[in-house]
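Chains as they are written, first to last, in the working numbering: chain A, 464 to 686; chain B, 337 to 415.
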């Protein structure tokens, strides 16, 4: 393999274990080289300023400068660099913000290594890559927000966030699990749940699920 | 507050009345902030609202995260 086709990858994550894991997984690839790891935005900026890197695998939640800020900064320093978000965030707003900041791809940490490698190779060519799970999130979101305006007065409808929570409740998730998944607090989940009871005029989870089925939010016979 | 919200791509304001209480829920997907930092430089805005809510025997909860956005819930009992 010729030298110019080798893809040099920087992994940015505040968890060293992720960096070490990816380093070890990338070492068997003939066309991809682990160039280095950075635990923060500043470390990533320093690395990219001093080393040639084609692709950056970037986490989003980091204490000193998020992946979104990191993406913006790295694209400023080196516009040709390709940023691939590797994150646990499944929130559509996060996906949009990363893409707006300049990311070329978005994959979830729960994906498998084959997809990570595929994504690295695709973004290295200057193309875009969205993980299969991410595409599903986007499609679900598009189908849920088919109405042109959510502005409603005096009408009991659920907001996008409430629909999301209702689907998770239907999947037997508890408040703490929903909170963790959506990056909101348990107390906010509880308030949403309470509001949904009021708006749908239901009093129990069973009532809410019936509402969700009747309104096509969830499938009556999944699978 | 309105001007700040116009810069966000999405925000929701809900006023929900049930038999026992009224709930105001305001959500945006903006920059968010560290909730623990509001004591020092908030200009009194959040504290001011909170004390008004408490005067009505209500409760207020601010849930925010950098880059995720902010959700403010205010619940005021009707009796």
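Every residue gets a Cβ at the ideal spot worked out from N, C-alpha and C, and that includes glycine.
query, result
"Segment limits, beta strand (DSSP E) that includes residue 417 of chain A", "Any property of residue 417 of chain A remains undetermined from this structure, which presents chain A solely from 464 to 686."
"Where the beta strand (DSSP E) through residue 675 of chain A begins and ends", "Segment 668-677 is the alpha helix (DSSP H) holding residue 675 of chain A; no beta strand (DSSP E) there."
"Cβ shell of residue 540 of chain A (< 8 Å), same chain only, five flanking positions each side left out", "508, 511, 512"
"Neighbouring residues, chain C, relative to residue 406 of chain B (Cβ below 8 Å)", "Absent from the structure: chain C. Protein chains present are A and B."
"Interface partners of residue 365 of chain B on chain A, CB under 7 Å", "556"
"8 Å Cβ cutoff, residue 414 of chain B in contact with chain A", "no"
"Chain B contacts from the stretch 508-537 of chain A (Cβ-Cβ distance under 9 Å)", "523, 524, 529, 530, 531, 532"
"Cβ-Cβ distance between residue 501 of chain A and residue 475 of chain A below 8 Å", "yes"
"Ranges of the alpha helix (DSSP H) found wholly within the stretch 627-659 of chain A, counting only runs of at least 4", "638-645"
"Rounded distance between the beta-carbons of residue 549 of chain A and residue 520 of chain A, thought under 8 Å", "5 Å"
"Contact set for residue 686 of chain A: own chain, Cβ-Cβ below 7 Å, skip 5 residues either direction", "Reliability fails at residue 686 of chain A, whose pLDDT of 43 lies under 50, so the model's placement of it is uncertain and the value that follows must be treated cautiously. So the list is empty, once near-sequence residues are dropped."
"Buried versus exposed call for residue 490 of chain A [16 or more other C-beta atoms within 10 Å across all chains shown]", "exposed"
"Beta-carbon proximity check, residue 525 of chain A vs residue 483 of chain A, cutoff 8 Å", "no"
"With 16 other Cβ atoms within 10 Å as the buried cut-off, status of residue 387 of chain B", "exposed"
"Cα-Cα separation, residue 614 of chain A to residue 514 of chain A", "No answer about residue 614 of chain A holds up, because its pLDDT of 42 lies below 50 and its placement is not dependable."
"Pair within 8 Å by beta-carbon distance, residue 629 of chain A and residue 659 of chain A", "yes"
"Environment of residue 612 of chain A [buried if 16+ CB atoms lie within 10 Å]", "Caution is warranted here: a pLDDT of 43 is assigned to residue 612 of chain A, below 50, making its placement in the model unreliable, and no coordinate value can be reported."
"When A:636, A:654, A:665, A:669 are compared against residue 358 of chain B, the one with the closest alpha-carbon", "A:654"
"Residues that residue 647 of chain A contacts on chain B, provided the C-beta gap is smaller than 7 Å", "399, 407"
"Same chain, Cβ closer than 8 Å to residue 663 of chain A, neighbours up to 5 away in sequence not counted", "619, 621, 670, 671, 674"
"Residue 602 of chain A classed as buried or exposed, judged by whether at least 16 other C-beta atoms fall within 10 angstroms", "exposed"
"Cutoff 8 Å: residue 656 of chain A Cβ touching any chain B Cβ", "no"
"Closer than 8 Å to chain A by CB, residue 396 of chain B", "no"
"Backbone CA spacing between residue 487 of chain A and residue 471 of chain A [nearest angstrom]", "14 Å"
"DSSP state of residue 532 of chain A mapped onto helix, strand, coil", "helix"
"Touch test, the stretch 550-561 of chain A against the stretch 576-591 of chain A, Cβ-Cβ under 8 Å, three pairs minimum", "no"
"Boundaries (first-last residue) of the alpha helix (DSSP H) holding residue 510 of chain A", "504-513"
"Residue 667 of chain A versus residue 652 of chain A - alpha carbon distance", "15 Å"
"Segments assigned alpha helix (DSSP H), at least 4 residues, entirely inside the stretch 360-401 of chain B", "374-377, 381-391"
"Per DSSP, the bridge partner or partners of residue 562 of chain A", "DSSP lists no partner for residue 562 of chain A."
"8 Å Cβ cutoff met for residue 582 of chain A and residue 534 of chain A", "no"
"Backbone secondary structure at residue 602 of chain A - three-state DSSP", "helix"
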